[in-house]
Ligand SMILES: Cc1cc2nc3c(=O)[nH]c(=O)nc-3n(C[C@H](O)[C@H](O)[C@H](O)COP(=O)(O)O)c2cc1C
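Numbering (UniProt numbering), first residue to last: 1 to 185.
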């Protein structure tokens with residue numbers, strides 16, 4: 001199974017990426033067949049906002065040339081996308097919003113349809129529900145298969161790993177994924 005993780009925090013090793021890494025480490029310990037992991041931080045990637053030119057309706061690709069094209073290619077190659085965002089004012093971060101809007105170019109002919117997805121959100125205290133809702137609505141629009149959401153709390157780097165509920169949520173998502181893979185066998 002090809003897994004792509006996307007961490008949407010400006011902090012490469014912040015809580016969002018640490019919670020995602022915790023989840024992928026659990027996956028590596030499990031007996032998932034042919035696990036191929038690609039991890040990407042959106043920090044340092046140039047993803048401009050959607051221009052709303054709607055040219056993608058005719059072509060199925062985006063006219064804005066930046067790092068979106070290579071990220072889209074990675075998304076298209078993956079079976080499971082783990083997308084995580086820090087909670088910024090009860091919603092996704094700017095880079096995550098830019099990325100999800102740019103996938104309009106993949107939406108017209110549902111190029112992401114059927115891909116499995118685990119949405120992840122980390123806040124200091126509150127707002128993860130609304131953030132996960134943004135990610136879930138996006139995934140539903142693309143007709144992706146939502147496995148289970150994961151969220152946690154933390155403020156300073158690494159604090160999220162002290163959150164027992166976050167670790168349990170990651171393990172529950174993995175359990176759900178394993179169940180799903182068994183059904184598919
Ligand atoms: C611009 C900004 C807005 C934030 N808004 C919220 C918020 O609405 N609710 C909250 O609980 N934490 C908020 N936080 C705190 C972050 O969600 C928290 O520090 C989280 O761990 C960040 O994840 P990261 O380390 O991956 O960047 C905000 C932080 C920043 C920088």
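Here a beta-carbon is modelled for each residue, glycine too, at the ideal position from N, C-alpha and C.
Residues of its chain near residue i, where Cβ-Cβ distance is below 8 Å and the 5 sequence neighbours each way are ignored
i, result
"residue 162", "154"
"residue 34", "1"
"residue 140", "146"
Short Cβ contact (8 Å threshold) for residue i with residue j
i, j, result
"residue 147", "residue 183", "no"
"residue 120", "residue 96", "no"
"residue 8", "residue 42", "yes"
"residue 74", "residue 63", "no"
"residue 130", "residue 91", "yes"
"residue 85", "residue 21", "no"
Bridge partner(s) assigned by DSSP for residue i
i, result
"residue 2", "36"
"residue 83", "6 and 119"
"residue 64", "Answer is none; residue 64 lacks a bridge partner."
Alpha-carbon spacing of residue i relative to residue j, whole angstroms
i, j, result
"residue 178", "residue 83", "18 Å"
"residue 126", "residue 87", "8 Å"
"residue 57", "residue 145", "23 Å"
"residue 2", "residue 77", "7 Å"
"residue 158", "residue 59", "42 Å"
"residue 173", "residue 4", "15 Å"
"residue 165", "residue 108", "37 Å"
"residue 133", "residue 122", "13 Å"
"residue 171", "residue 136", "19 Å"
Chain C contact for residue i (CB, 8 Å cutoff)
i, result
"residue 101", "Any reference to chain C falls outside this structure, which holds one protein chain only."
Cβ contact check for the region 10 to 20 and the region 47 to 61: 3 or more pairs under 8 Å: With a cut-off of 8 Å, the region 47 to 61 and the region 10 to 20 do not count as touching, because too few Cβ pairs lie within range.
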